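Shown next, in structure tokens, is the structure this report addresses.
Numbering (this note's numbering), first residue to last: 4 to 282.
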């Protein structure tokens, strides 16, 4: 695995019978609960990108939900347009059409079952060209996003405490090895990606009427700063269910409606890429 891929991997569901209302309090759930999730216009299904169990859970949830639209963090709109009824069921053909092998994402065999779990759902892409994400680090998310930046919360700076907390999270996610002057730009890039995913959800709702399932990293599933937060500004009429999947207990202040904790993947120490040995 490349150093870039390691960095990205480091940085980057209900009991009862029938569908329930949106949860009144955040709580941990089990995989079996994914078959009976609360009804919502938008369900954000988080993942640790290289954890196979997380993708199996997503496919299980999507099959039960039967959404009209699937939004993938891993696809640009151009890539999403290449998904056809003819290639959707053929893992090799679809992976080739998407150019997945050159994308930097984990093996397509982890993701293909999600496409086939809802074979009639329209596929949307919430990813951005890599250059756009790099530009956000120097120009700011609002400048790269375009005219709707204010609608998605990008025009205003974050409160000082929020900015500092997000920079600290970026620093920790990258083994505290990045130059301090890069951290603010990385927060801008993250905000841009959250807004781009939210924009794809709004488009998916407009074109299909929903419900929409979003396949994304657990960081983007956070209610306090991820896709749900951007949607609360851009489309406050939508009901949004946030589901995080983690490899450790997220604690009492977990920023999700529901979450699952699974065993971690044995991926070695990603900090070794920086020459750092973590105990």
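Every residue, glycine too, gets a C-beta built ideally from N, C-alpha and C. Since we're looking at a predicted model, the values are computed, not measured.
Q. How many whole angstroms separate the CB atoms of residue 65 and residue 203, which I take to be in contact at a CB cut-off of 8 Å?
A. Along the chain shown, read from residue 1 onward, the residue named residue 65 stands at position 62. Along the chain shown, read from residue 1 onward, the residue named residue 203 stands at position 200. Actually they do not touch by this definition, with Cβ atoms about 16 Å apart.
Q | In chain order, each alpha helix (DSSP H) run of at least 4 residues that lies wholly inside the region 122-183 | A | 133-142, 144-148 and 163-176
Q) For the alpha helix (DSSP H) that contains residue 119, what are its first and last residues? A) As a first step, residue 119 is located in the chain shown; it is residue number 116 there, counting from the start. 111-120 is the span of the alpha helix (DSSP H), which, as asked, contains residue 119.
Q. Which word fits residue 165, buried or exposed, when buried means at least 16 other C-beta atoms lie within 10 angstroms of its C-beta?
A. Indexing the chain shown from 1 puts residue 165 at position 162. Counting of Cβ neighbours within 10 angstroms places residue 165 among the exposed residues, the total staying below 16.
Q: Since I believe residue 230 is in contact with residue 47 (beta carbons under 8 Å), could you give me their beta-carbon distance rounded to a whole number of angstroms?
A: On the chain shown, residue 47 is found 44 positions in, with the first residue counted as 1. On the chain shown, residue 230 is found 227 positions in, with the first residue counted as 1. The pair is a contact, with the Cβ atoms about 5 Å apart (cut-off 8 Å).
**Q.** residue 244 - containing beta strand (DSSP E), residue span
**A.** Looking up residue 244 in the chain shown gives position 241. Where residue 244 is concerned, the enclosing beta strand (DSSP E) stretches over 243-249.
Q. How is residue 108 classed by DSSP in three states: helix, strand or coil?
A. By one-based count along the chain shown, residue 108 stands at place 105. Looking at residue 108 - three-state DSSP - the assignment turns out to be coil, as it is neither helix nor strand.
Q | Inter-stretch contact at 8 Å, needing at least 3 Cβ pairs: the region 241-254 / the region 26-45 | A | Output reads yes: the region 26-45 touches the region 241-254.
**Q.** Between the CA atoms of residue 125 and residue 34 - distance to the nearest angstrom
**A.** The residue you call residue 34 lines up with position 31 of the chain shown. The residue you call residue 125 lines up with position 122 of the chain shown. If I take the Cα positions, the gap works out to 25 Å.
Q. Can you tell me whether residue 252 is buried or exposed, with buried defined as 16 or more other CB within 10 angstroms of its CB?
A. For this step, residue 252 is matched to residue 249 along the chain shown. Counting Cβ neighbours within 10 Å, residue 252 comes out exposed, since fewer than 16 surround it.
(Q) According to DSSP, is residue 216 part of a helix, a strand, or is it coil? (A) As a first step, residue 216 is located in the chain shown; it is residue number 213 there, counting from the start. Residue 216: strand per DSSP, three-state reduction.
Q: Please name the residue or residues paired with residue 72 in a DSSP beta bridge.
A: Within the chain shown, numbered from 1, the residue matching residue 72 stands at position 69. BP columns for residue 72 point to 125 and 215.
(Q) Using C-beta distances below 8 Å, list every residue in its chain close to residue 199, excluding the 5 sequence neighbours before and after it, in chain order. (A) Taking the chain shown and counting its residues from 1, one reaches residue 199 at position 196. 129, 130, 131 and 148, listed in sequence order.
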